[in-house]
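A.B. asks: The structure is given below, and queries will be raised subsequently.
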Amino acid sequence: MFSFSDPSMFSRRCVLVNGPVIVGAGPSGLAVAAGLRQQGVPYVILERADCIASLWQNKTYDRLKLHLPKKFCQLPNFPFPEHYPEYPTKRQFIEYLESYARNFDINPLFNESVESAKYDEACGLWRVQTVNNNGSKVEYICQWLVVATGENAERVVPEIEGLKEFGGEVIHACDYKSGEKFRGKKVLVVGCGNSGMEVSLDLCNHDAKPSMVVRSSVHVLPREILGKSTFELAMFMLKWLPLWLVDKIMLFFAWMILGNIEKYGLKRPYLGPLELKNNHGKTPVLDLGALEKIRSRDIKIVPGIKRFLCGMVELVNGEKLEIDAVVLATGYCSNVPYWLQESEFFSKNGFPKAPFPNGWKGNDGLYAVGFTRRGLSGVSADAVKISQDIGKVWKDDLKQIKKQKVPTHRRCISTF
Ligand SMILES: Cc1cc2nc3c(=O)[nH]c(=O)nc-3n(C[C@H](O)[C@H](O)[C@H](O)COP(=O)(O)OP(=O)(O)OC[C@H]3O[C@@H](n4cnc5c(N)ncnc54)[C@H](O)[C@@H]3O)c2cc1C
Ligand SMILES: NC(=O)c1ccc[n+]([C@@H]2O[C@H](COP(=O)([O-])OP(=O)(O)OC[C@H]3O[C@@H](n4cnc5c(N)ncnc54)[C@H](OP(=O)(O)O)[C@@H]3O)[C@@H](O)[C@H]2O)c1
């Protein structure tokens, strides 16, 4: 990495990166970095937070565990420790990622938030601009750009009438840690994805009184079927059977194990769980105990929200509920459209346009890792392809350069 700053020439410091720039030091960025390190390709990782895996470290609740068996969640070339349980806890997962970073000697540049990235046709390089905590700006210039900012980079906060006038505490699920501080309180949980279900369960376990808003429909599946992970079973069946049939089988098992959930207000979507996930990115809920609390009415299911009033919510059915606090378990979105100035590879929703398995490589040295809507197993699949692809070009370039005896950075420097 060459660095040069000349205030008379540039308004910001410029860093010429010999190798790719990876944006984001979550599991995706770490996995690509590890693959590059193994091939001897230098790189720079830019991370807006002050730690690796900031989603897991700062934006998740205490009781969180991986919801798929560990073999589907480990990153390439570094298995989970054998003593880890089948579903590692959040702390164990963070410790695993920290030892992953140590093992592959990955040292991200922290507190560097990427605010724009653009391909410069004139020089054939990416210009990546960052701002750090004290407002100072840096421009990184590189041949390859790896987008690893995640599917869940920003919280989604819906605009709901009257929310500002409500008066009680309103938090997003990413700021929820435990139900301890809500003991004895009436809490409205907005959303019934995995976060909404688990926050509601956690509130119950802390003697709070949650009501969960289910405005449309949701697939709830048992985490395990006949002692096997539901996810693993689905993946196994997909090897032999078409997706629609696997969906039907999953729903049959769900009905056998969980019973008819519609009578509790949990309407099932028209599309099957795998089809819905593949086509619309909507994750089915894997039940970890919330359903039992819904059956016993410890978690009350309520329909959509019409508006908030002072200390109250009015629902679309006209019912008014007194509530003390609101947890918005309303999901997350990608932040790529806010900073990446590119519209061929990424669509407006911040995901690659090409569906899995083709959404990892764009033009002009652009890559995306971790946007497959397949969780950590999708992360690993992308990361291996990306690091090998860059590694191959890197090695070919190196051979050429050795033949011609050209300094590796000559092409870049000539652009200034
Ligand atoms: C509550 C919760 C639980 C989950 N549980 C599971 C699970 O059990 N199993 C599973 O497979 N998946 C799970 N997921 C999905 C989760 O997204 C993945 O597990 C994993 O974190 C994806 O890794 P990633 O590196 O792609 O994204 P992230 O982990 O989100 O990492 C992206 C990194 O990029 C950084 N970043 C973002 N924007 C910028 C920027 N502009 N400049 C610099 N840095 C930036 C972020 O700070 C972050 O550190 C869960 C998600 C949530 C929200
Ligand atoms: N390891 C784990 O156990 C675990 C735990 C939590 C999360 N996760 C993962 O993290 C990701 C995000 O999950 P998530 O549950 O946070 O988000 P999500 O799956 O996107 O669910 C968001 C929920 O909010 C609802 N919603 C949004 N706006 C609303 C509004 N204005 N009024 C009422 N409801 C509204 C949605 O309803 P509609 O469907 O009607 O839009 C949906 O039920 C998923 O991939 C999930 O699997 C994993």
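Under the numbering used here, residues 15 to 430 are what the sequence shown spells out, in order. The C-beta atom is built at its ideal place from N, Cα and C for all residues, glycine as well. On a predicted model such as this, the values are computed, not experimentally measured, just so you know.
Verify the contact flag: P41, CB atom, against every heavy atom of ligand 1, threshold strictly below 6 Å.
C.D. replies: Counting from 1 along the sequence shown, the entry for residue 41 is found at position 27. Answer for P41: yes, Cβ within range of ligand 1.
A.B. asks: Rounded to whole angstroms, what's the CA-CA distance from W408 to Q53? Just pull it up for me.
C.D. replies: For the purposes of this step, residue 408 is identified with residue 394 of the sequence shown, where counting begins at 1. For the purposes of this step, residue 53 is identified with residue 39 of the sequence shown, where counting begins at 1. When rounded, the distance between both Cα atoms is 9 Å.
A.B. asks: Which residue wins for smallest C-alpha separation from K301, given the options K277, E289, E276, L272?
C.D. replies: Here residue 301 is taken as the residue at index 287 of the sequence shown, counted from 1. The sequence shown places Asp at residue 301, rather than the Lys named in the question. For the residues K277, E289, E276, L272, the minimum Cα distance to D301 belongs to L272.
A.B. asks: Going along the chain, which residues of its own chain have a beta-carbon closer than 8 Å to the beta-carbon of V299, five neighbours each way excluded?
C.D. replies: As a first step, residue 299 is located in the sequence shown; it is residue number 285 there, counting from the start. Excluding positions up to five away in sequence, the list reads C206, G207, N208, M211, V232, H233, V234, L235.
A.B. asks: Does DSSP put V260 in a helix, a strand or coil?
C.D. replies: The residue you call residue 260 lines up with position 246 of the sequence shown. Three-state DSSP puts V260 in a helix.
A.B. asks: Please state the DSSP three-state secondary structure of W158.
C.D. replies: Taking the first residue of the sequence shown as position 1, residue 158 is located at position 144. W158: coil per DSSP, three-state reduction.
A.B. asks: Measuring from the CB of T103, is there a heavy atom of ligand 2 at a distance below 6 Å?
C.D. replies: Taking the first residue of the sequence shown as position 1, residue 103 is located at position 89. No, the beta carbon of T103 sits no closer than 6 Å to any heavy atom of ligand 2.
A.B. asks: What whole-angstrom Cβ distance do G379 and L159 have, given they're in contact under 8 Å?
C.D. replies: Taking the first residue of the sequence shown as position 1, residue 379 is located at position 365. Taking the first residue of the sequence shown as position 1, residue 159 is located at position 145. Sure, about 6 Å apart at Cβ, within 8 Å.
A.B. asks: What's the call for F94, buried or exposed, on a 16-neighbour Cβ count within 10 Å?
C.D. replies: Taking the sequence shown and counting its residues from 1, one reaches residue 94 at position 80. So F94 ends up on the buried side.
A.B. asks: Where DSSP assigns a beta bridge to K334, which residues make up the other side?
C.D. replies: Translated into the one-based positions of the sequence shown, residue 334 becomes position 320. BP columns for K334 point to E328.
A.B. asks: If we ignore side chains and look at the alpha-carbon of each, how far apart do E168 and G138 end up?
C.D. replies: Position 154 of the sequence shown, counting from 1, holds the residue named residue 168. Position 124 of the sequence shown, counting from 1, holds the residue named residue 138. So the alpha carbons of these two residues sit roughly 30 Å apart.
A.B. asks: Let me make sure I understand the geometry here. Which of F360, E246, R388 has the alpha-carbon closest to that of K375?
C.D. replies: Taking the first residue of the sequence shown as 1, we reach residue 375 at position 361. Out of F360, E246, R388, F360 has the C-alpha closest to the C-alpha of K375.
A.B. asks: K191 and D64 - do their beta-carbons sit closer together than 7 Å?
C.D. replies: Here residue 64 is taken as the residue at index 50 of the sequence shown, counted from 1. Here residue 191 is taken as the residue at index 177 of the sequence shown, counted from 1. Going by C-beta atoms, D64 is not nearer than 7 Å to K191.
A.B. asks: What residue from K84, G33, V37, S68 has the CA that sits closest to S243's CA?
C.D. replies: Here residue 243 refers to the residue found at position 229 when the sequence shown is read from its first residue. Per the Cα distances, K84.
A.B. asks: Are the beta-carbon atoms of S225 and V330 separated by less than 7 Å?
C.D. replies: As a first step, residue 225 is located in the sequence shown; it is residue number 211 there, counting from the start. As a first step, residue 330 is located in the sequence shown; it is residue number 316 there, counting from the start. No, the pair does not count as a contact, with Cβ atoms beyond the cut-off.
A.B. asks: Less than 7 Å between C-beta atoms, sequence neighbours within five positions excluded: which residues of the same chain meet that for E129?
C.D. replies: If you number the sequence shown from 1, residue 129 lands on position 115. Result list for E129: Q143, T144, V145, W353, in chain order.
A.B. asks: Out of Y57, L240, G295, state which residue places its alpha-carbon closest to the alpha-carbon of I400.
C.D. replies: As a position in the sequence shown, residue 400 is number 386, starting the count at 1. Among Y57, L240, G295, the Cα nearest to that of I400 is on Y57.
A.B. asks: Exposed or buried, what is V213 when buried is set at 16 or more other beta-carbons lying within 10 Å of its beta-carbon?
C.D. replies: As a working note, residue 213 is residue 199 in the sequence shown. It counts as buried.
A.B. asks: N166 and Y346: beta carbons closer than 7 Å?
C.D. replies: Here residue 166 is taken as the residue at index 152 of the sequence shown, counted from 1. Here residue 346 is taken as the residue at index 332 of the sequence shown, counted from 1. Yes, the pair counts as a contact, with Cβ atoms nearer than the cut-off.
A.B. asks: Tell me whether Y110 is buried or exposed, calling it buried when 16 or more other Cβ atoms sit within 10 Å of its Cβ.
C.D. replies: Along the sequence shown, read from residue 1 onward, the residue named residue 110 stands at position 96. Classification of Y110: buried, given that the 10 Å Cβ count is 16 or more.
A.B. asks: Hey, how far is the Cα of C28 from the Cα of N125?
C.D. replies: As a working note, residue 28 is residue 14 in the sequence shown. As a working note, residue 125 is residue 111 in the sequence shown. Cα to Cα, C28 sits roughly 17 Å from N125.
A.B. asks: Between which two residues does the alpha helix (DSSP H) containing I308 stretch?
C.D. replies: Numbered from its first residue, the sequence shown carries residue 308 at position 294. Where I308 is concerned, the enclosing alpha helix (DSSP H) stretches over 304 to 309.
A.B. asks: Report the rounded CA-to-CA distance for G295 versus T344, giving the unit in angstroms.
C.D. replies: Position 281 of the sequence shown holds residue 295. Position 330 of the sequence shown holds residue 344. Each residue's Cα considered, the two are about 14 Å apart.
A.B. asks: Please confirm whether any heavy atom of ligand 2 lies closer than 6 Å to the CB of V227.
C.D. replies: By one-based count along the sequence shown, residue 227 stands at place 213. For ligand 2, at least one heavy atom lies less than 6 Å from the Cβ of V227.
A.B. asks: On the CB-based measure, 16 or more other CB atoms within 10 Å of its CB, does S22 come out buried or exposed?
C.D. replies: Working through the sequence shown from its first residue, we reach residue 22 at position 8. Below a pLDDT of 50, predicted positions are generally treated as unreliable, and S22, at 40, falls in that range; no measurement from the model is reported.
A.B. asks: Can you list, in chain order, the residues of its chain whose CB lies under 7 Å from that of C188, leaving out five sequence neighbours each side?
C.D. replies: Position 174 of the sequence shown, counting from 1, holds the residue named residue 188. Answer for C188: K73, R169, listed in chain order.
A.B. asks: In angstroms with no decimal places, state the Cα-to-Cα distance between S113 and I120.
C.D. replies: The residue labelled residue 113 in the question sits at position 99 within the sequence shown. The residue labelled residue 120 in the question sits at position 106 within the sequence shown. Looking at the two C-alpha atoms, the distance is approximately 10 Å.
A.B. asks: Can you list, in chain order, the residues of its chain with a C-beta nearer than 7 Å to that of D411? Leave out the 5 residues immediately preceding and following it.
C.D. replies: As a working note, residue 411 is residue 397 in the sequence shown. So no residue of the chain qualifies.
A.B. asks: Would a C-beta distance cut-off of 7 Å place V383 and S150 closer than the cut-off?
C.D. replies: Against the sequence shown, residue 383 aligns to sequence position 369. Against the sequence shown, residue 150 aligns to sequence position 136. No, these two residues do not count as a Cβ contact at 7 Å.
A.B. asks: Which residues in the same chain have their Cβ closer than 6 Å to the Cβ of K223, if we skip the five residues on either side of it in sequence?
C.D. replies: Position 209 of the sequence shown holds residue 223. Same-chain partners within the cutoff: K200.
A.B. asks: Is the closest heavy atom of ligand 2 to the C-beta of G207 under 6 Å?
C.D. replies: As a working mapping, residue 207 is identified with position 193 in the sequence shown. Yes; taking the cut-off as 6 Å, the Cβ of G207 has a heavy atom of ligand 2 nearer than that.
A.B. asks: What number of angstroms, rounded off, separates the C-alpha of K104 from the C-alpha of K79?
C.D. replies: Your numbering for residue 104 matches position 90 in the sequence shown. Your numbering for residue 79 matches position 65 in the sequence shown. About 5 Å.
A.B. asks: Would DSSP call H233 helix, strand or coil?
C.D. replies: Translated into positions along the sequence shown, residue 233 becomes position 219. Coil.
A.B. asks: Throw me the rounded Cβ distance for the C156 and V35 pair, which I believe falls under 8 Å.
C.D. replies: Taking the first residue of the sequence shown as position 1, residue 156 is located at position 142. Taking the first residue of the sequence shown as position 1, residue 35 is located at position 21. Indeed they touch by this definition, with Cβ atoms about 4 Å apart.
A.B. asks: Under 6 Å: does the beta carbon of T297 sit that close to some heavy atom of ligand 1?
C.D. replies: Reading the sequence shown from its first residue, position 283 is the one you call residue 297. Outside the cutoff, so no.
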